Amino acid sequence: RSRNKPKRIGLIWLMGFPGSGTDDVITNVEQATQLSMGTNYGNIMETRKRQSYVNTYTSVLVQKDWYKSGPYKNNVDYDIGSSEILVKTFCTGYCLPQHKQWGDCTRTGYIRSLVKLGHFWTACAKSRSYKPNRKKQSKGMKAYWKNRVKKVVVVLRDPLNMVKARFIQLTRETGMKPSMVNFLAYCKDIDKRWGNVKEIKAKKKLGWLNLEHHGIPCYPEFFRIVVWYRNTYQIASKRESIVVRYEDLYDKPDKNIGKILEFAGLTRVWTKALFGMRTPVAGAWFSDEETEKIGKFMHTLNRGHPMMEAYFSRYFK
Numbered sequence: 200r201s202r203n204k205p206k207r208i209g210l211i212w213l214m215g216f217p218g219s220g221t222d223d224v225i226t227n228v229e230q231a232t233q234l235s236m237g238t239n240y241g242n243i244m245e246t247r248k249r250q251s252y253v254n255t256y257t258s259v260l261v262q263k264d265w266y267k268s269g270p271y272k273n274n275v276d277y278d279i280g281s282s283e284i285l286v287k288t289f290c291t292g293y294c295l296p297q298h299k300q301w302g303d304c305t306r307t308g309y310i311r312s313l314v315k316l317g318h319f320w321t322a323c324a325k326s327r328s329y330k331p332n333r334k335k336q337s338k339g340m341k342a343y344w345k346n347r348v349k350k351v352v353v354v355l356r357d358p359l360n361m362v363k364a365r366f367i368q369l370t371r372e373t374g375m376k377p378s379m380v381n382f383l384a385y386c387k388d389i390d391k392r393w394g395n396v397k398e399i400k401a402k403k404k405l406g407w408l409n410l411e412h413h414g415i416p417c418y419p420e421f422f423r424i425v426v427w428y429r430n431t432y433q434i435a436s437k438r439e440s441i442v443v444r445y446e447d448l449y450d451k452p453d454k455n456i457g458k459i460l461e462f463a464g465l466t467r468v469w470t471k472a473l474f475g476m477r478t479p480v481a482g483a484w485f486s487d488e489e490t491e492k493i494g495k496f497m498h499t500l501n502r503g504h505p506m507m508e509a510y511f512s513r514y515f516k
């Protein structure tokens with residue numbers, strides 16, 4: 200039966216914690232190739248003009264013959280036309296407490312499925328779809344064949360700016376002013392909601408670990424960043440993979456997007472300059488003292504795992 204099927208498209212996971220810049224990465228790759236990449240979030244589709252639409256267009260499977268539960272086409276204006284494609288996945292933990300688009304976060308979505316590698320890995324292969332004429336939209340996410348993913352692109356960014364970017368995204372959606380006052384209120388809410396959930400509380404109780412979180416705004420987010428990237432490191436280290444950093448992509452987008460294209464076997468046809476990464480909101484929202492505490496907090500929680508040195512040594516002394 201498989202003889203009549205087209206050759207299977209290779210899936211390359213584009214993995215980055217929410218706020219790391221994966222949305223901009225996939226936008227630039229699509230512009231460079233003039234082809235659509237893939238996404239696990241089929242209810243969100245982008246256009247060639249860098250616009251994003253939620254629950255507007257019918258989700259289109261990347262390759263229905265081989266992948267019946269996702270991933271989905273990412274861009275409305277481009278076709279799928281390559282033997283390998285990047286697939287955007289946040290795995291788990293992408294929702295925000297106040298995120299209207301996904302509904303209020305549950306403990307499973309925010310932290311529970313994050314702390315177990317097996318659950319995390321499965322979540323990386325879960326996708327969501329949307330059909331405008333369907334009376335009852337599917338609330339769950341279906342998993343596709345994760346073992347078919349042989350390559351991984353890991354996107355990194357200064358953890359302080361990832362947390363900040365998550366807040367900025369929320370302000371864009373809610374109309375909230377992106378001010379320091381509102382940011383601190385946002386962090387206070389996160390600390391209150393998630394600071395004492397079972398998964399975090401268990402680590403805080405370990406006296407020998409000495410995990411000091413006092414004086415760190417949004418410390419559950421930094422907790423999640425460590426766990427998220429430890430899981431990602433485990434997945435990426437067993438596959439062909441590359442690491443790219445937001446800061447390098449921002450400084451030299453054409454050069455560093457080019458590295459991703461080469462790794463993915465994609466050809467650039469766009470001859471003009473690329474969109475590049477979005478300009479981050481200016482301002483240091485964490486003091487030097489807070490930054491030092493965050494670095495210590497992340498290193499302590501990491502407990503000597505090679506991830507911290509491999510991924511985040513650039514950002515903390």
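Counting from 200, one number per residue, gives the positions in the sequence shown under the numbering used here.
The C-beta atom is built at its ideal place from N, Cα and C for all residues, glycine as well.
Predicted model only: the values in this text are computed from it and were never measured.
Check, Outcome
"Distance, Cα to Cα, residue 299 vs residue 368?", "No answer about residue 299 holds up, because its pLDDT of 48 lies below 50 and its placement is not dependable."
"Where DSSP assigns a beta bridge to residue 342, which residues make up the other side?", "325"
"Go ahead and label residue 302 buried or exposed: buried means 16 or more other beta carbons lie within 10 angstroms of its beta carbon, across all protein chains shown.", "Reliability of the predicted coordinates at residue 302 is poor, the pLDDT of 45 falling under 50, and the value obtained from them is presented with this limitation in mind. Counting Cβ neighbours within 10 Å, residue 302 comes out exposed, since fewer than 16 surround it."
"Do residue 241 and residue 329 have their beta-carbon atoms positioned less than 8 Å apart in this structure?", "yes"
"Taking the alpha carbon of residue 310 as the reference point, which residue from 372, 229, 290, 325 has its own alpha carbon closest?", "290"
"Thinking C-alpha only, which one of 504, 286, 419, 262 is nearest residue 361?", "419"
"Just to confirm the assignment: which complete alpha helix (DSSP H) runs, minimum length 4, are found wholly within the stretch 367-394?", "379-393"
"Could you check whether residue 463 and residue 285 sit closer than 8 Å to each other, using their CB atoms as the reference points?", "yes"
"Expressed to the nearest angstrom, what Euclidean distance is found between the alpha-carbon atoms of residue 312 and residue 423?", "11 Å"
"DSSP three-state label for residue 458, please.", "helix"
"Is the beta carbon of residue 281 sitting closer than 8 Å to the one on residue 234?", "yes"
"Are residue 393 and residue 399 close, meaning C-beta to C-beta below 8 Å?", "yes"
"What residues in its chain sit with their C-beta under 8 Å from that of residue 246, if we drop five residues either side in the sequence?", "252, 274, 275, 276"
"Where does residue 209 fall in DSSP's three states?", "strand"
"Considering just the uninterrupted stretch of the beta strand (DSSP E) at residue 493, what are its terminal residues?", "Careful: residue 493 lies outside any beta strand (DSSP E), inside the alpha helix (DSSP H) at 487-501."
"Where does residue 229 land, buried or exposed, given buried means 16+ other C-beta within 10 angstroms?", "buried"
"Measuring alpha carbon to alpha carbon, tell me which residue in 396, 357, 477 is nearest residue 494.", "357"
"First and last residue of the alpha helix (DSSP H) that includes residue 420?", "418-435"
"Do residue 510 and residue 220 have their C-beta atoms within less than 8 Å of each other?", "no"
"When we look at the beta-carbon of residue 430 and count the other beta-carbons within 10 Å, is it buried (16 or more) or exposed?", "buried"
"Among 500, 262, 386, whose alpha-carbon lies nearest the alpha-carbon of residue 484?", "386"
"Looking at the unbroken beta strand (DSSP E) that takes in residue 287, where does it start and where does it end?", "283-288"
"Might you give, ordered along the chain, the residues of its own chain that have their beta carbon closer than 6 Å to the beta carbon of residue 359, omitting 5 neighbours on each side?", "485"
"Are residue 501 and residue 425 close, meaning C-beta to C-beta below 8 Å?", "yes"
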